[in-house]
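Undergrad: Structure provided below as structure tokens; questions to follow.
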Amino acid sequence: MTATVDTTDLSALLAGVPDVRTDAALAGTDPGEGWFAVTDPATGAVLAHVAEHDVTDARVAAAAAATAGRDWARRPNRERSAILHRAHALMMDDHERLATLITAENGKTLADARAEVAYAAEFFRWFAEEAVRPHGSYDPAPAGGVRHLVHRKPIGVAALVTPWNFPAAMATRKIAPALAAGCTVVLKPAEETPLTALAVGAILVEAGVPADAVRIVTTTDAPAVVEALLADEHVRKVSFTGSTQVGRILLHQAADRVLESSMELGGNAPFVVCDDADLDAAVAGALTAKLRGGGQVCVAANRFYVHTDVADAFVQRFGEAIAALNVGHGADDGTDAGPVITPVAAERIEKLVADAVAGGARVAYQAQAPSGAGNWVAPRLLVDVPGDAAIAHEEIFGPVATVRTWSDDDEVVAMANDTEFGLASYVYSRDLQRAIRLGEAFESGMVGVNRGLVSDPAAPFGGVKQSGLGREGATLGIDAFTEVQHLAVAWPDA
Ligand code: ADP
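This is the structure in structure tokens:
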């Protein structure tokens, strides 16, 4: 398959980016030990080879980040801020190159990739602004005799572990607040999408970040490398985005050294449409919440709960929009949905659908997906989904929507909260008070109210229940890379 934007030869896009080889990939030869292949999910073609780092490399990186941190933490906040502002500007200048890299290795459409670059870059601007606004306090003790001085210090070296679904934004959402706070980091990007992370790393160096302040460790052996990082004496914090299953493993490992931990884990977002919803807006929001990144997004709408009075109309409009989706290479003009990340992911989604259908669900609408090479999953809308079907409870992480109906607000709140997860929820109603009442009743860290998109670097992102610990973005995002220190200052009262 040939894409409108050429993603087959990335050598020009990756020129000067360390740890990447495009020559061997182009020649179709195996570059040998010490390198691993990155492939295009739409074709299976090898895009480039990336350095295979091991446990020793990870430890060296942590030690180097610790050394770099001594100088970085002492720089005036204004200086760190200026560097982050430059990183934002450089990323925006490099918009198309980065978007093309994201599409090439992740498969999402160029439109989604462009939106991701802007979102990712915004974390540098937001935290450049936060960097110069540290907060502390200075208070007399109630009993007298003491002044309490409270301030925040950079926590130290942070190990960052990121997934493939937002190759740029999941990295910058962690790197930006860490650098702003005065920390240095070791980033372990997902093995499926290391190219974008390496390109962002090179941009940071160009912006003035010391090379050792952001060390990137690429590997196909995440379990060993990350375990070594978390055990390393230089590392003081782990910030992870990925599955709940892996998050649990990292929390266990973090416990050994009582590492400060931020976890952004899986979701199972309900998307609730009330009888008084603006259906055009609800369908538009549903498409965004379900199809952005091919549904491979932790805040993706996973369960559509539609009031019985509007269910037929919603299903028809949403279903027709799904059936009309143009599925193809993300770099092609006019593509609405790309492939999913791996053949394994495609198989998992197909099995969820097949099991639901075997249990009585019906595929009401379906788009055409290409056949042949590539990890293709046809976007679908399922109705009559039995409540006990796995697809009604598990994170689908793909372009498949399931619809169930409800008729009472308390009933839908119970349905929405009937999950171990609590990342995002969505609610559509023209009655804002009803929407907010429902939103407050949902057990989730974020709620889209008449909106299919909740993410914003200026707002706190994170989940409750088994969807995670802590918040990223907003002012809380920088706090996560600091620790509070209290100085009790003897203050003899006159
Ligand atoms: P996803 O399902 O989105 O791929 P994962 O949780 O499997 O989510 O992966 C997210 C990140 O965690 C990736 O960088 C991956 O390499 C890393 N990872 C996967 N398994 C482990 C593990 N056992 N220990 C540490 N990191 C892991």
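Residue numbering for the sequence shown follows the UniProt record's numbering, starting at 1 and increasing by one per position. Positions of the beta carbon are idealized from the N, C-alpha and C atoms, including for glycine.
Does DSSP put V50 in a helix, a strand or coil?
TA: Strand, per DSSP.
Undergrad: For E472 and G463, what's the separation of their Cα atoms in angstroms?
TA: Looking at the two C-alpha atoms, the distance is approximately 10 Å.
Undergrad: Grouping DSSP H, G and I as helix and E and B as strand, with all else coil, what is P41?
TA: In the structure shown, P41 sits in coil (DSSP, three-state: anything other than H, G, I, E or B).
Undergrad: Is I249 near the ligand MN, in the sense that its beta carbon is under 7 Å from a heavy atom of that ligand?
TA: Among the ligands present in this structure, namely the ligand ADP, the ligand MN is not found.
Undergrad: Figure out for me which residue from A180, I249, A337, R434 has the closest Cα to the Cα of F127.
TA: The candidate whose alpha carbon is nearest that of F127 is A180.
Undergrad: What does Y119 pair with, by DSSP beta-bridge criteria?
TA: Y119 is not bridged to any residue.
Undergrad: At what residues does the beta strand (DSSP E) containing W72 begin and finish?
TA: Segment 55-74 is the alpha helix (DSSP H) holding W72; no beta strand (DSSP E) there.
Undergrad: Can you name, in chain order, every residue of its own chain whose Cβ lies under 6 Å from the Cβ of T335, other than the five neighbours on each side?
TA: Cβ within range, chain order: T109, N326, G328.
Undergrad: Just list the residues that DSSP pairs Q366 with in beta bridges.
TA: In DSSP, Q366 forms a bridge with R380.
Undergrad: Can you tell me the Cα-Cα spacing of R173 and A474, whole angstroms?
TA: Cα to Cα, the separation comes out at about 10 Å.
Undergrad: By a C-beta neighbour count over all protein chains shown, 10 Å radius and 16 as the cutoff for buried, is K237 buried or exposed?
TA: Burial call: buried.
Undergrad: Could you say which of A213, A207, V214, R248 lies nearest to E227 if we only look at CA atoms?
TA: Minimum Cα distance to E227 is reached at R248.
Undergrad: What residue from V55, P163, T220 has the CA that sits closest to L230's CA?
TA: Comparing Cα positions, the closest option is V55.
Undergrad: Contact between the region 239-248 and the region 258-265: three or more CB pairs below 8 Å?
TA: The answer is yes - the region 258-265 touches the region 239-248, with three or more Cβ pairs under 8 Å.
Undergrad: For a minimum of 4 consecutive residues, which ranges assigned as the alpha helix (DSSP H) are wholly contained in the region 229-282?
TA: 244-256, all fully within the region 229-282.
Undergrad: From the DSSP secondary-structure annotation, give me the bridge partner or partners of E472.
TA: DSSP, once it has assigned bridges, lists F461 as partnering E472.
Undergrad: Let's see if you can read the secondary structure: which residues bound the beta strand (DSSP E) around Q316?
TA: Where Q316 is concerned, there is no enclosing beta strand (DSSP E), although the alpha helix (DSSP H) it sits in stretches over 308-323.
Undergrad: T193 to A141, Cα distance in whole Å?
TA: Answer to the nearest angstrom: the Cα atoms are 52 Å apart.
Undergrad: Does the ligand ADP have a heavy atom nearer than 7 Å to the CB of G242?
TA: It does: the Cβ of G242 is within 7 Å (strictly closer) of some heavy atom of the ligand ADP.
Undergrad: Buried or exposed for T196, please, with buried defined as at least 16 other CB atoms from any protein chain shown within 10 angstroms of its CB.
TA: Buried.
Undergrad: Thinking C-alpha only, which one of V46, A178, D71 is nearest L476?
TA: Closest by alpha carbon: A178.
Undergrad: Comparing alpha-carbon positions, which option in A120, R74, A3, R78 lies nearest D94?
TA: For the residues A120, R74, A3, R78, the minimum Cα distance to D94 belongs to A120.
Undergrad: I want to see whether chain B comes within less than 8 Å of M91, judged by CB atoms only; does it?
TA: Checking the listed chains, one finds no chain B in this structure; it contains a single protein chain.
Undergrad: What number of angstroms, rounded off, separates the C-alpha of F124 from the C-alpha of V383?
TA: Taking the straight line joining both Cα atoms gives about 42 Å.
Undergrad: Quick check: what's the CA-CA separation for K290 versus I436?
TA: Rounded to whole angstroms, K290 to I436 spans 21 Å at the Cα level.
Undergrad: For D388 and V315, what's the separation of their Cα atoms in angstroms?
TA: Between D388 and V315, the C-alpha separation is close to 21 Å.
Undergrad: Leaving aside the five residues before and after D232 along the sequence, list all residues of the same chain whose C-beta is less than 7 Å from its C-beta, in chain order.
TA: Same-chain partners within the cutoff: R59, A62.
Undergrad: If you run the structure through DSSP and keep just helix, strand and coil, what is P155?
TA: As written in the sequence, residue 155 is Ile, which differs from the Pro given in the question. Looking at I155 - three-state DSSP - the assignment turns out to be coil, as it is neither helix nor strand.
Undergrad: Just the C-alpha distance for R430 and T22, rounded to the nearest angstrom, thanks.
TA: So the alpha carbons of these two residues sit roughly 53 Å apart.
Undergrad: Identify whether H393 lies in helix, strand or coil by the three-state DSSP scheme.
TA: DSSP places H393 in coil when its eight states are reduced to three.
Undergrad: Leaving out the 5 sequence neighbours to the left and right, which residues in its chain are closer than 7 Å to I203 when beta-carbon positions are compared?
TA: A87, L90, M91, D94, listed in sequence order.
Undergrad: Give the secondary structure of T482 by DSSP, where H, G and I count as helix, E and B as strand, and everything else as coil.
TA: It is a strand residue.
Undergrad: Among all the DSSP beta bridges, which residues are the ones paired with P134?
TA: DSSP output for P134 lists no bridge partner at all.
Undergrad: Work out the CA separation of Q368 and A346 for me, nearest whole Å.
TA: When rounded, the distance between both Cα atoms is 15 Å.
Undergrad: Identify, in the order they occur along the chain, each residue of the same chain with its Cβ nearer than 6 Å to the Cβ of F318, setting aside the five sequence neighbours on each side.
TA: The residues are V283, A286.
Undergrad: Alpha helix (DSSP H) containing S81: first to last residue?
TA: From DSSP, the alpha helix (DSSP H) with S81 extends over 77-93.
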